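To convert, count from 1 in the sequence shown and add 10; that's this note's numbering.
Ideal Cβ placement from N, Cα and C applies to all residues, glycine included.
In this text the structure is predicted, and so the values were computed from the model without any measurement.
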Amino acid sequence: MSVIIVFLFVIAGFAGWWLSHQRLMSRPWLEQGLAGDVVAFDRSALPTAKIGLGVFLAVVGCLFALFTSAYFMRMALSDWQPLPLPRLLWLNTGVLILSSVALQCAVVAARKRQIDMVRLGLATAGLTALAFLVGQLVAWRQLTDDGYLLSSNPANSFFYLITGMHGLHILGGLVGLGRTTAGAWNGARPERLRLGIELCAMYWHFLLFVWLAIFALLAGWAATFIDICRQLLT
């Protein structure tokens with residue numbers, strides 16, 4: 011239960027930070043400028059698509075929080091034998107970070123209407139995301155070759171389940187990223203293209219955060235952090 015609470019607090023902090031950057035609490039009637047500018051701002055301050063994606067990511071965050079809680083409860087039993095963390099996961103983590111950075115660069119370029127940089131950022135993000143998925147499959151292959159099969163131990167099952175669920179979310183994100191990338195090459199409207207890129211970046215940053223939490227969990231660092239939190243609360 012404490013794991014879920016900690017994870018949800020982090021999700022709430024992430025959501026609060028994001029909402030603060032959307033100027034949700036701004037008062038457009040006090041803004042300086044023409045009335046048309048105020049109306050345009052009021053319509054674009056917080057698009058419905060961003061709200062919908064935020065709700066979806068909150069649900070996904072709760073799902074991974076439940077997986078994490080189940081992981082901690084199951085590892086307390088005597089038959090738990092943690093499998094070694096493949097070194098390739100370090101490289102995969104760096105690749106996913108690069109993918110997230112590339113999308114953020116695309117966001118900045120879209121705001122400046124630098125279409126060439128937008129295309130470069132989107133292409134880089136897509137290719138590095140694919141490389142991450144391929145790297146995850148290679149890591150799975152290494153573990154199975156070493157005898158760490160899905161049904162051999164509960165720790166193995168959790169590893170494949172959690173990393174597989176994260177990989178499926180990356181794969182789903184690639185569909186949206188592909189549509190946005192196609193729009194960048196087909197001359198989509200700048201406002202629509204910018205919104206699509208911002209949604210992709212928001213999704214990617216969240217999945218990067220989730221993967222870092224998963225990586226810390228599988229490496230054993232999360233258990234140490236939870237023990238420290240429990241000691242501070244007692």
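- For glycine 230, the closest of Val148, His176 and Phe169 by C-alpha to C-alpha distance is Phe169.
- DSSP places alanine 229 within a helical segment (H, G or I) once states are collapsed to three.
- A distance below 8 Å between beta-carbons, with the five flanking residues on each side excluded, links valine 128 to the following residues of its chain, in chain order: Ala116, Ala119, Ala120, Ala194, Leu203 and Ile207.
- Under the three-state reduction of DSSP output, methionine 85 falls in the coil class, being neither helix nor strand.
- By the criterion of a C-beta distance shorter than 6 Å, glutamine 114 is surrounded in its chain by Ala211, once the five residues flanking it on both sides are discounted.
- Boundaries of the alpha helix (DSSP H) around leucine 101: 98 to 121.
- Of the other Cβ atoms in all chains shown, fewer than 16 fall within 10 Å of the Cβ of serine 161; this residue is therefore exposed.
- Each of Arg199, Thr191, Gly174 and Asp126 was checked against the Cα of alanine 149, and the nearest Cα belongs to Gly174.
- Less than 9 Å separates the beta-carbon of threonine 191 from that of alanine 133.
- In the assembly as shown, asparagine 196 is an exposed residue. Its beta-carbon has fewer than 16 other beta-carbons within 10 Å.
- In the three-state reduction of the DSSP assignment, tryptophan 90 falls in the coil class.
- Cβ neighbours of tyrosine 213 within its own chain (closer than 8 Å, five residues either side excluded): Leu63, Leu67, Gly183 and Gly186.
- Three or more beta-carbon pairs drawn from the segment 97 to 111 and the segment 133 to 142 are found closer than 8 Å, and the two stretches are therefore classed as touching.
- Around the beta carbon of isoleucine 172, a 10 Å sphere encloses 16 or more other beta carbons of the protein chains shown; the residue is thus reported as buried.
- Distance check between leucine 147 and each of Pro96, Ala86 and Ala223 places Pro96 closest, using alpha-carbon atoms only.
- Within the segment 121 to 185, no complete beta strand (DSSP E) segment of 3 residues or longer occurs.
- Pairing cysteine 72 with serine 79, the inter-Cα distance amounts to about 10 Å.
- The residues Val220, in chain order, have a CB closer than 6 Å to that of phenylalanine 74 in the same chain once the five nearest residues on each side in sequence are set aside.
- With fewer than 16 other CB atoms across the displayed protein chains lying within 10 angstroms of its CB, isoleucine 61 is exposed.
- Ranked by how close their Cα comes to the Cα of lysine 122, the residues Glu201, Leu178 and His179 have Glu201 in first place.
- Rounded to whole angstroms, tryptophan 100 and alanine 59 show a C-alpha spacing of 33 Å.
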